[in-house]
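Since the structure comes first, as structure tokens, the remarks are kept for the end.
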Amino acid sequence: MRLISSTLLIAILCLPLALRAQVSSLEELYKTHQYFALRDEVNRRTDDRLPDFLFYRGVVANRFNRLEESIRFLTAYRETKNAEKVCDAYEILADDYVKTYRYARAAEMYKTQLTVCKDKLSEEELADINNSYGLWKALENVPAQALSVNGRTRLQGTRDKAKLLNFAVEVGGTKMDFVFDTGAELSTITASTASRLGLKIIEASVSVGSSSDIKVNSKLAVAPELKLGNIIVRNVIFLVLDDRSLFFPAANYQINGIIGFPIIEAIGSVTISRHDVLTTDHVERSTSEPNMALEELKPLVQATIGGEKMIFLLDSGAVSSTFYPAFLKAREKEIVKAGTRRKMRLGGAGGSKEVHAYFMKNLEMIIGGKTVRLAKAEVLTEAINDDSREFYGNIGQDVIKQFDKMTLDLKNMQLIFQ
């Protein structure tokens, strides 16, 4: 009898270990929020014998806004035996349903996660999931957000006291200026603004975080119709905050309302010029891979600094960019040597917080093939919220304003500077 060759035998014996190593590398990319590298790694894999590949494919589809594809992969993964990542799968499925305006299904996923995973999650994680469940459960009977366009939109924006970009919106026949903020995961208004617009308050107690990690309580409201130029968005969800939560005493400055990410994403593609003009003109898609991703309702962009690829939040509501502790860790010797360390105060909904930071000069980064130069940059030495624990920084107006135009193409997941 001919024996199996030793080379083939070794290959067979090592196959499960190799596959486990592949999954382990995917898990590391997933845990560290390296979604662009995760996408590239998943796309390179042709061997799908392990059920966990379904999970990572579902993650990649979710992060790059292919929501129905994500639902298919993660639903199939849930049905496999011994699905180790099922708790995460429920949470990502909930996010898929939120983004497709199926709020009752999102609430169902969070409720199932609370039941199935209660012994695997920390008290803080359970509290966050319970908060998300309460939010979408309160909205379970709200019709899906819908959008219609009655021609080309061209809107001239204005700058408020805080130099934030505002556009005129119309709700219930009343026109007001709202801040345009890609960093707002949901559109937001003050209680007095909701009253002025005649919006019915949904009595739900929801806790929301801010840029300074201060939690504030919010209620909910739904605008039957919101007009932004020739764009009409129906069934718009708003977080409703006390007026004081969006009031900044130092500048005697009150925000009344914020156009958040769900509205911006629904439009699909918007271009904002250096002169604060918003248009919905078609922009030719770049032939390169998408350089944007989504984590829940947070837009992320990939940038390169010193040859290293890093993931940043994109926040048009931030006047200046901020770099987080992960960035400090990656370039610590350079930053400590060249930067000046001092205290700074960061403000957000609900209050402000004092932190230490290094202040750098002449920082250069590449985004979408375009070079950005920041005359000054602030690098935090400590985390101030969950985002600052997970990403390299937050890109604001000091980057955006360096170009004639910025296009957010959220169908093809590309940030384009011109």
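So the sequence shown is residues 1178 to 1595, counted in the working numbering.
We put the beta carbon where it would ideally sit given N, CA and C, even for glycine.
Keep in mind it's a predicted model, so treat the numbers as computed, not measured.
Residue closest to residue 1558, alpha-carbon to alpha-carbon, out of 1539, 1483, 1344, 1513:
Nearest C-alpha to residue 1558: 1513.
Confirm, please, whether the CB-CB distance from residue 1357 to residue 1408 is below 9 Å.
Not closer than 9 Å, so no.
Where does residue 1371 sit, in a helix, a strand or coil, going by DSSP?
In the structure shown, residue 1371 sits in a helix (DSSP, three-state: H, G or I).
Let's test the definition: count the other Cβ atoms within 10 Å of the Cβ of residue 1401 and tell me whether it reaches 16, buried, or not, exposed.
Exposed, because fewer than 16 other Cβ atoms sit within 10 Å of the Cβ of residue 1401.
Buried or exposed by the 16-neighbour rule on C-beta atoms within 10 Å, applied to residue 1210:
Its Cβ being crowded by 16 or more others within 10 Å, residue 1210 is buried.
Are the stretch 1505 to 1519 and the stretch 1248 to 1257 touching by the rule of at least three beta carbon pairs closer than 8 Å?
Not touching, per the Cβ criterion.
Report the option in 1502, 1469, 1335 whose CA atom is closest to the CA atom of residue 1591.
The residue with the shortest Cα to Cα distance from residue 1591 is 1469.
Starting from residue 1485 and walking both ways along the beta strand (DSSP E), at which residues does that stretch end?
For residue 1485, the uninterrupted beta strand (DSSP E) segment begins and ends at 1485 to 1491.
Are the CB atoms of residue 1475 and residue 1214 nearer to each other than 9 Å?
In this structure, the beta-carbon distance from residue 1475 to residue 1214 does not fall below 9 Å.
Secondary structure, alpha helix (DSSP H): runs of 4+ residues fully inside the stretch 1254 to 1327
Counting only runs of 4 or more, we get 1263 to 1276, 1280 to 1293, 1300 to 1315.
Residue 1497 beta carbon less than 9 Å from that of residue 1575:
In contact: residue 1575 and residue 1497 (Cβ atoms closer than 9 Å).
Which residues in the same chain have their Cβ closer than 8 Å to the Cβ of residue 1352, if we skip the five residues on either side of it in sequence?
Only 1345, 1346 meet the Cβ criterion.
Just the Cα atoms here: how many angstroms apart are residue 1439 and residue 1364?
Computed Cα separation, rounded: 7 Å.
For residue 1276 versus residue 1312, is the C-beta distance shorter than 9 Å?
No, Cβ-Cβ distance for residue 1276 and residue 1312 is not below 9 Å.
Quick one: residues in its chain with C-beta nearer than 6 Å to the C-beta of residue 1286, no 5 flanking neighbours on either side, listed in chain order?
Residues 1267, 1270, 1271 of the same chain have their beta carbon placed closer than 6 Å to that of residue 1286, with the five preceding and five following residues left out of the count.
Where residue 1198 falls, given that 16 or more other Cβ within 10 Å makes a residue buried
Since pLDDT at residue 1198 reaches only 44, below the 50 mark, its modelled position is unreliable, and the value read off the structure follows with that caveat. Exposed: under 16 other Cβ atoms inside 10 Å.
Between residue 1568 and residue 1488, how many whole angstroms is the CB-CB distance? I'm expecting something under 8 Å.
Right, their Cβ atoms sit about 5 Å apart.
For the stretch 1211 to 1246, list the alpha helix (DSSP H) runs that are entirely contained and at least 4 residues long, ordered along the chain.
Fully enclosed alpha helix (DSSP H) runs of 4 or longer: 1212 to 1221, 1229 to 1240.
Could you tell me which uninterrupted beta strand (DSSP E) segments, each at least 3 residues in length, are contained entirely in the stretch 1411 to 1498, listed from first to last along the chain?
Fully contained in the stretch 1411 to 1498 are the following beta strand (DSSP E) runs of length 3 or more, in chain order: 1434 to 1436, 1446 to 1450, 1454 to 1456, 1469 to 1472, 1475 to 1482, 1485 to 1491.
7 Å Cβ shell around residue 1516 - same chain, five flanking residues per side excluded
Answer for residue 1516: 1535, 1536, 1537, 1556, listed in chain order.
To the nearest angstrom, how far is the alpha carbon of residue 1423 from that of residue 1467?
Approximately 34 Å, taken between the alpha carbons.
Return yes when the Cβ of residue 1549 is within less than 9 Å of the Cβ of residue 1480, no when it is not.
Closer than 9 Å, so yes.
Taking residue 1573 and residue 1492 to be in contact with their CB atoms under 8 Å, please state how far apart those CB atoms are, rounded to whole angstroms.
Taking 8 Å as the upper bound for CB-CB distance, residue 1573 and residue 1492 are in contact here, some 6 Å apart.
Please report the distance separating the alpha-carbon of residue 1248 from that of residue 1239.
The alpha-carbon of residue 1248 is positioned some 8 Å away from that of residue 1239.
Residues in its own chain within less than 7 Å of residue 1577 by CB, not counting five upstream and five downstream?
If we look at residue 1577 and ignore the five residues flanking it on each side, its Cβ neighbours are 1493, 1583.
Using 9 Å as the threshold, is the C-beta distance between residue 1435 and residue 1355 below it?
With a cutoff of 9 Å on beta-carbon distance, residue 1435 and residue 1355 are scored as near each other.
Start-end ranges of the beta strand (DSSP E) lying completely within the stretch 1517 to 1570, minimum 3 residues:
With a minimum length of 3 residues, the continuous beta strand (DSSP E) runs that stay inside the stretch 1517 to 1570 are 1517 to 1525, 1528 to 1544, 1547 to 1557.
Counting C-beta neighbours from all protein chains within 10 Å, is the total for residue 1406 16 or more, i.e. buried, or is it exposed?
Burial state of residue 1406 is buried, judged by a 10 Å Cβ sphere holding 16 or more other Cβ atoms.
For residue 1249, which three-state DSSP category applies?
Collapsing the DSSP output to three states places residue 1249 in a helix.
Quick check on the DSSP output: the alpha helix (DSSP H) that includes residue 1515 runs from which residue to which?
Per DSSP, residue 1515 is one residue of the alpha helix (DSSP H) stretching across 1509 to 1515.
From this set, 1328, 1414, 1342, which residue's C-alpha is nearest residue 1457's C-alpha?
Nearest Cα to residue 1457 within the set 1328, 1414, 1342: 1328.
If we ignore side chains and look at the alpha-carbon of each, how far apart do residue 1335 and residue 1303 end up?
Roughly 41 Å between the two C-alpha positions.
For a test of the three-state rule: what should DSSP assign to residue 1376, helix, strand or coil?
The answer is coil: DSSP assigns residue 1376 none of H, G, I, E or B.
Do the CB positions of residue 1413 and residue 1403 come within less than 9 Å of each other?
Taking 9 Å as the Cβ cut-off, residue 1413 and residue 1403 qualify as a contacting pair.
If you reduce the DSSP assignment to three classes, tell me which class residue 1582 lands in.
The three-state reading of DSSP puts residue 1582 in strand, counting E and B together.
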